[in-house]
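Accompanying notes for the structure given below.
Protein chains in written order, with the numbering used here: chain Y, 3 to 299; chain F, 1453 to 1845.
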């Protein structure tokens, strides 16, 4: 066996050619800003806040699309491949990531440290076929950043990745993280104060699980991407909510019918995509203000 | 002198067969050790170069040589796989950038190399036509594979099942060619590159099939109990990943548990390299770390030992051949006694006759040396290509 390997090696060596691959020394790294690509807007916002001028952050999803269900084209994936860092949300967010080819060294799962705290969606379809046995698809809640404390953890993961890539700019990154943490903690404190309520809520989409867990909201969701009226009526029998959270303004006829059912519509934008105006913090502040206003009525 | 050389030349030309045999013997006996030395030197340089470009390789415990040959040359037996979490561990250590490798499957005799797009940067491989893979199910071909299979960008290659009789085993996967690499004169020319997740799909641990909630799959559903759906094996599994069914492909369980054969680690400096190697010193560690340059140096030492045996053999054969050649000359002198007497009788001096005989010997020796030198030069220029051609036969 060993002799065979030896002979094979000698023959294969003769097939070789000149190729010199040298690792890029830190001192030779480009002085240009780090190219950072993200799979959601909150991650882009955190990276911009932490990295400042040292990073060039790109979140390439079109404005009108929900990034969770978006699938980038080949050219966009090639751009991701060329990035210095690719920030992933984890929790199975942006499922396209598992079907594309991204460099293993540049991937950063920002929620990996709290993956044991992911919320499992109990009603996911489980199926089995053949020898692999039973399995299910997409069973975790994905909008981790709606819990500001989790958002802080994700921001720290981003800072760690930036620091590893550019240790010489560590002080700047630490300052950026400290400022962001301060803002997120302040947001968390205000939301805790504003959302402290035992009132039941309903949501039009199952995206507020982490928000509900963090602030103890009695919130149940239906899925208005399908025919949810029956589910909603059934839900309201045992869960007499007066407020319904929507990601965006519902269609006029839907809004009218909901109002007829005694539900007040409150837009709570998860801010997965880049807002037309403002930023992650301002959108969350607006969400909080709208919800607080509805609760006070 | 001119006449002496002319007579020597005429004699050798007249006894063509004898001259040919003598020339061949002398040429080969001079060429064999020198040519072998040149070939081994070339091989050593090639081995060292590719190994030096691959700082560290992490794999399951076992033969480091097998691990390195599989990872660098896509040859040798399929080494014991390890979990992908090992790659994540190296990456998370912050001590090296990583390129995971899964070299197990083949397509029409060419290795399918599951890796990450970083591989092409690390090996400085350029795309001749098309682009690198972006989605699972896409592949990039080495230059010689494309040439051998006569395929182009937009065509497809199909993975070969490992065992034709394993009906429940992995399905062949049809992979779309999205790029062809420029010739690199390396083992990369003979490989088919895919994303590592594509190799997991070939293995069957990632797959795409009809949505069990879809009406079209109703015939395959055996039972539904709330959110629990049991389907039989007739549910349509896709053996090609297309734009339309891409979203149906998925992976079960934790990717950390998925198999890989190696992780190529690129530490930024010597300190990181030493620290990373230190982490695998523990005897309880189920993985090993190999430094390809050291593994190949050890291999070369062994090859050089073998070479020295071959050289010793060649020298002994050479001495025997020269002795035989001398004997042939001496016998030839005896047989030519009457010819020499005739030369004396027609006025040739002893010196002239001696010079004639010596000219013949010198002519054969010099021609043999020139031919051996020519063959050695050809070996140095085309040896690698020749071996490559022999391997492909």
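We treat Cβ as the ideally placed atom computed from N, Cα and C, and that holds for glycine.
Residues of the stretch 1565 to 1583 of chain F whose Cβ lies closer than 7 angstroms to any Cβ of chain Y, in chain order: 1568, 1569, 1570, 1574, 1575, 1576, 1583. Shortest Cα-Cα distance from residue 1743 of chain F to any of F/1715, F/1541, F/1690 involves F/1715. Around the CB of residue 1649 of chain F, 16 or more other CB atoms lie within 10 Å, so the residue is classed as buried. Any Cβ of chain F closer than 8 angstroms to the Cβ of residue 161 of chain Y would place that residue at the interface, and such an atom is absent. At a cut-off of 8 angstroms, the C-beta of residue 1550 of chain F has a neighbouring C-beta in chain Y. Taking a C-beta distance under 8 angstroms as the contact criterion, residue 1589 of chain F and residue 1737 of chain F do not qualify as a contact pair.
Contacts with chain F (Cβ-Cβ distance below 7 angstroms) from the stretch 93 to 118 of chain Y involve 100, 101, 102, 103, 105, 106, 107, listed in chain order. The stretch 1527 to 1543 of chain F makes no contact with the stretch 1581 to 1596 of chain F, as fewer than three CB pairs between them are under 8 angstroms. Counting only runs of 3 or more residues that sit fully inside the stretch 42 to 77 of chain Y, the beta strand (DSSP E) segments are 57 to 60, in chain order. Within the stretch 67 to 90 of chain Y, the residues whose Cβ lies closer than 8 angstroms to any Cβ of chain F are, in chain order, 73, 76, 79, 80, 83. Sequence-ordered contacts of the stretch 1617 to 1648 of chain F with chain Y read 1620, 1636, 1637, 1638, 1639, 1647 [C-beta pairs closer than 7 angstroms]. Collapsing the DSSP output to three states places residue 1660 of chain F in a strand.
Classified as exposed, residue 117 of chain Y has fewer than 16 neighbouring CB atoms from the shown chains inside 10 Å of its CB. The shortest C-alpha to C-alpha distance from residue 79 of chain Y to any of Y/70, Y/41, Y/65 is the one to Y/41. At a cut-off of 8 angstroms between beta-carbon atoms, residue 1597 of chain F makes no contact with chain Y. Partner residues in the beta bridge of residue 1740 of chain F, as assigned by DSSP, are F/1511.
With contacts defined by Cβ atoms closer than 8 angstroms, residue 163 of chain Y and residue 186 of chain Y do not form a contacting pair. Within chain F, 1546 have C-beta atoms less than 9 angstroms from the C-beta of residue 166 of chain Y, given in sequence order. According to the DSSP assignment, residue 1623 of chain F belongs to no beta strand (DSSP E), since it is labelled neither H nor E.
The beta strand (DSSP E) runs of length 3 or more contained entirely in the stretch 1728 to 1803 of chain F are, from start to end of the chain, 1739 to 1742. Note that the C-beta distance between residue 1660 of chain F and residue 1623 of chain F is not below 8 angstroms. Under the 8 angstroms criterion on CB atoms, residue 1588 of chain F is classed as interfacial with respect to chain Y. About 5 angstroms separates the beta carbons of residue 1630 of chain F and residue 1582 of chain F, which is inside the 8 angstroms limit, making them a contact pair. Against chain Y, a Cβ distance below 9 angstroms from residue 1543 of chain F picks out 106, 107, 109. Residues of chain Y with a Cβ closer than 7 angstroms to the Cβ of residue 1698 of chain F are, in chain order, 101. By the Cβ criterion, the stretch 259 to 270 of chain Y is in contact with the stretch 281 to 296 of chain Y, since at least three pairs of Cβ atoms, one from each stretch, lie closer than 8 angstroms.
C-alpha of residue 1709 of chain F to C-alpha of residue 1511 of chain F: approximately 15 angstroms in a straight line.
The criterion of a C-beta distance shorter than 8 angstroms is not satisfied by residue 141 of chain Y and residue 160 of chain Y. Under the DSSP assignment, residue 1559 of chain F falls in the beta strand (DSSP E) whose first and last residues are 1549 to 1559.
Listed as beta-bridge partners of residue 205 of chain Y by DSSP are Y/223, Y/247. Relative to residue 1578 of chain F, the option among F/1779, F/1796, F/1637, F/1496 whose CA is nearest is F/1637. The C-beta distance from residue 148 of chain Y to residue 213 of chain Y rounds to 4 angstroms, short enough to fall under 8 angstroms.
For the stretch 1517 to 1544 of chain F, the residues whose beta carbon sits under 8 angstroms from a beta carbon of chain Y are, in order, 1517, 1518, 1521, 1525, 1527, 1528, 1539, 1543. Close partners of residue 1701 of chain F in chain Y (Cβ separation under 8 angstroms): 101.
Three or more Cβ pairs drawn from the stretch 1516 to 1531 of chain F and the stretch 1555 to 1573 of chain F lie within less than 8 angstroms of each other, which places the two stretches in contact.
Here residue 175 of chain Y is buried, its C-beta having at least 16 other C-beta atoms within 10 Å.
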